[in-house]
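I have placed the structure first, in the form of structure tokens, so that the comments after it can refer back to it.
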Amino acid sequence: MLPQLITITGSTMTYSVDLAIRAEDALAQLPDDGRSDVMETIAAALVRRETWPAPGGWDGAAHFGRRSWIAFTAHAVGIEVYDVWWVG
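In this note's numbering, the protein residues as written are 3 to 90.
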């Protein structure tokens, strides 16, 4: 996925989100409201860099949304989402 431009409190940061095939397949099977909820959860995790695991390692993290959660790893300029769940 292409890097996304995110602006927070006047500063501009560019982060990228990579979706593993498993996550892409799961998103494709969700209804529109489920896909939207998961994408909001991904966006929330993306802008909270302090919650990311150490970049480049084998550590993962989870981020929880309203009705969804994601599992991801970090790299220098973004995150890779390797699994998504939705309870809709």
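Note that beta-carbon positions come from the ideal geometry of N, C-alpha and C, so glycine has one too. Values in this document were obtained by computation on a predicted structure and should not be read as measured data.
For Thr75, the enclosing beta strand (DSSP E) starts and ends at 70-77. Around the beta carbon of His77, fewer than 16 other beta carbons lie within 10 angstroms, which makes this residue exposed.
Taking C-beta atoms under 8 Å as the contact rule, Asp61 and Arg24 fail to qualify, at a distance of about 18 Å. Taken through DSSP and simplified to helix, strand or coil, Gly67 comes out as coil. Look at Gly36 here: in three-state DSSP terms it is helix. Look at Asp27 here: in three-state DSSP terms it is helix.
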